[in-house]
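Input: a single structure, listed below in structure tokens.
Numbering (our numbering), first residue to last: 132 to 867.
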């Protein structure tokens, strides 16, 4: 929705400067009339930059506009809960000076008067970012991120002014630091996928560079203390009145900068899917075996109870096939407790009766989606270089537990009353079971850029075989023939000898192992060492989100008579489909491991140093973005080069090249190792951005707080002395 001018009004300050306030509001079309703002004589407009420390990244501001309501409740309709829908622009001598949106939480006016009473409206520039969740993905340059943040603040500015002395080490590009240094947006989501607020993202992106952001005189300035001292000639301040005070800024004893690379590895975790749902069927009993009839409960050995839940509507964040059901198992004597998705459930009533089919679906079907996780998973960043070895390599690992079984009770030993004959057929005649799945990468517009395949089809012999893992451009072909799955999760017992082993499919809950051409020791032993899972390479220089779905049933090659051939893809024996009593699924998991299949452990990196041993207080700074000298560290928080998304190793500032954390320590040392002046009082209005100085106490001063009474052209300020960065005498200590 577009904003249109709703109210405007003008007044002159005592210095004869024309001030104009305009209120813009979201609307379908232009307002028929533009209302007039009438102002009281005293303080109609006050703009305030609250006090912030020299190293605090964002110095936000607010404006208090006081208007006279000529009729009862004239401005009541300006109250809104729609964030950013009402904006005020302030002009000084017809030049944009300040902009902010109406605070949706605050509105009050006198209720005892019919007209001619004052109403106060509060606007702020960056406060709205505290209410908006970050929703970006992929890679963004620092400049792109700041531009998006400002668009989300809804303020009206002329542009972004950059005064930054930090550069990438050895960089000869004409581009600025902000335009060719990147971040991974996944860094700003927690392990559960919950995003930070835009304000937090803004703070934590500026912080490691010791950069600050402020709105002044119609622009947004992004700067660091070192750069503005090289750029701006200090302006002499003019004191008004007799309230000026000389004080001192803080001095710190020591400083510590901690950087968390955030190597987020758990991309998709086991889902809790039955909590809060009402069962469709409850307390379905499965005994340890069926030797005891249902009418002889006193002598029965209760194995477990099962509750079933309808899959439509599906739990939040999941898609479940409409013919599947959700299950939850509560054990008694059978040792399993858990939940998941049921595709086939057949429970025998007693030792005389037939099986009651509770969940009845075909074991072999054309491809349909059984389970789909609706979760935003960014494609992890990987280095273009492959020279660092497997320890630094990153792989996706997709795992899913599946229970395919012919026993009455799949958690108990087979026997006369637990389908021993059918179980032995399954155990000795099935070498491998394949569950179809699909993994796609979509771009920001939802278009499929790549899909994963680990199955190939040999047209000459009409057989599919596994082992050729690859990413293919575009989406999967439309065909959904059961003998053309394209990607499968493979369930088999890893061979222990250097030869083809006889079939051994034990049933019960099994985890998938790497899809190979056939389960031969020479093909499986490396992946067996790595552990269960489908290990998937991460495509380089690809931005997008990963989508995972599991297909229905199991992959059937065709004829059932080739289970002992080298192809080894035939997972069935005659009559197998009719003998299956259970086909259950846990929800899949997706994580990142190194090239050996091991969990990735990344510790925080800390730099510490004495600042002034005579001082009392310590300063601790935590950063979410940074460098790492350890080539094994490749977390979401690592700063990246725009051209290839490889890490930026070092940065330069004030003639020093080092890790960004150490440069930040240098700024702390420069500003807080000795006493610096603090000046407070009322001065002539400071209407520009820059540095200031004083006749009696020379030096460079910056604004840490400013309350502007525009009618009197005065500022109540707090100014603090600043000095250029210098690094001599700093003794760093690094810990990991």
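Where is the CB? At the ideal position from N, CA and C, for every residue including glycine.
State yes or no: is the beta carbon of residue i nearer than 8 Å to at least one beta carbon in chain B?
i: residue 381; result: Among the protein chains of the structure shown there is no chain B, as only one such chain exists.
Rounded to a whole number of angstroms, what is the C-alpha to C-alpha distance between residue i and residue j?
i: residue 328; j: residue 210; result: 24 Å
i: residue 699; j: residue 599; result: The predicted position of residue 699 is uncertain, since its pLDDT is 42 and thus under 50; no value can be drawn from it.
i: residue 349; j: residue 221; result: 9 Å
i: residue 136; j: residue 572; result: 43 Å
i: residue 541; j: residue 731; result: 34 Å
i: residue 819; j: residue 347; result: 6 Å
i: residue 466; j: residue 496; result: 31 Å
i: residue 772; j: residue 782; result: 12 Å
i: residue 359; j: residue 850; result: 15 Å
i: residue 250; j: residue 281; result: 28 Å
i: residue 811; j: residue 527; result: 57 Å
i: residue 440; j: residue 457; result: 5 Å
i: residue 841; j: residue 174; result: 7 Å
i: residue 341; j: residue 585; result: 47 Å
i: residue 862; j: residue 185; result: 22 Å
i: residue 736; j: residue 499; result: 47 Å
i: residue 429; j: residue 472; result: A caution first: residue 429 carries a pLDDT of 48, below 50, which makes its placement in the model unreliable, though a value can still be read off. Distance between the alpha carbons of residue 429 and residue 472 is about 32 Å.
i: residue 691; j: residue 708; result: For residue 691, the predicted model reports a pLDDT of 40, less than 50, meaning its position is unreliable; a value from the coordinates is still stated below. Between residue 691 and residue 708, the C-alpha separation is close to 11 Å.
i: residue 277; j: residue 776; result: 19 Å
i: residue 537; j: residue 713; result: 7 Å
i: residue 852; j: residue 231; result: 29 Å
i: residue 247; j: residue 317; result: 53 Å
i: residue 422; j: residue 671; result: 58 Å
i: residue 746; j: residue 388; result: 18 Å
i: residue 179; j: residue 322; result: 38 Å
i: residue 353; j: residue 285; result: 18 Å
i: residue 506; j: residue 398; result: 9 Å
i: residue 218; j: residue 744; result: 49 Å
Identify the residues that DSSP records as bridge partners of residue i: which are they?
i: residue 640; result: 534
i: residue 668; result: 526
i: residue 799; result: According to DSSP, residue 799 bridges with nothing at all.
i: residue 487; result: 478
i: residue 305; result: Bridge partners of residue 305: none, in fact.
i: residue 462; result: 435
i: residue 158; result: 133
i: residue 582; result: 571, 603
i: residue 621; result: 565, 644
Go through its chain and collect everything with a Cβ distance to residue i's Cβ below 8 Å, but skip five positions before and after it.
i: residue 845; result: 371, 813, 814, 815, 816, 839
i: residue 826; result: 367
i: residue 396; result: 722, 723, 724, 730, 731
i: residue 742; result: 382, 383, 384, 385, 386, 750, 799, 800, 803, 804
i: residue 864; result: 738, 739, 740
Provide the residue span of the alpha helix (DSSP H) that contains residue i, from first to last.
i: residue 560; result: 551 to 560
i: residue 275; result: 273 to 284
i: residue 332; result: 329 to 337
i: residue 817; result: Run containing residue 817: none; DSSP gives neither H nor E here.
i: residue 362; result: 356 to 362
i: residue 707; result: 707 to 710
Where do the ends of the beta strand (DSSP E) carrying residue i lie?
i: residue 569; result: 564 to 573
i: residue 221; result: 217 to 223
i: residue 450; result: 449 to 451
i: residue 292; result: 291 to 294
i: residue 837; result: 831 to 840
i: residue 375; result: Premise fails: residue 375 is in no beta strand (DSSP E) and is neither H nor E.
i: residue 390; result: 383 to 390
i: residue 682; result: 676 to 682
i: residue 249; result: 248 to 255
How about residue i: is its Cβ closer than 7 Å to a heavy atom in the ligand FMN?
i: residue 336; result: Questions concerning the ligand FMN fall outside what the structure shown contains, since it holds no ligand whatsoever.
Using C-beta distances below 7 Å, list every residue in its chain close to residue i, excluding the 5 sequence neighbours before and after it, in chain order.
i: residue 169; result: 140, 198, 199, 201
i: residue 779; result: 299, 312, 758, 770, 771, 772
i: residue 143; result: 149
i: residue 866; result: 737
i: residue 454; result: 492
i: residue 228; result: 221, 222, 348, 349
Identify, in the order they occur along the chain, each residue of the same chain with its Cβ nearer than 6 Å to the Cβ of residue i, setting aside the five sequence neighbours on each side.
i: residue 375; result: 812
i: residue 362; result: 294
i: residue 157; result: 132, 134, 216
i: residue 109; result: Past the edges of the chain, shown from 132 to 867, lies residue 109, and the structure says nothing about it.
Checklist entry - Below 8 Å, can you find three or more Cβ-Cβ pairs linking the region 263 to 276 to the region 291 to 309? => result yes
Checklist entry - Do the region 326 to 341 and the region 257 to 265 meet, that is, are 3 or more Cβ pairs less than 8 Å apart? => result Below 8 Å, enough C-beta pairs join the region 326 to 341 and the region 257 to 265 to call them touching: three or more.
Item to check | Meets three-Cβ-pair contact criterion under 8 Å: the region 435 to 455 and the region 547 to 558 | outcome: The region 435 to 455, when compared against the region 547 to 558, does not touch it at the 8 Å Cβ threshold.
Next on the checklist: Whether or not the region 618 to 626 and the region 502 to 511 are in contact is what I'm after, with contact meaning three or more pairs of Cβ atoms, one per stretch, closer than 8 Å; do they touch?
Outcome noted: no
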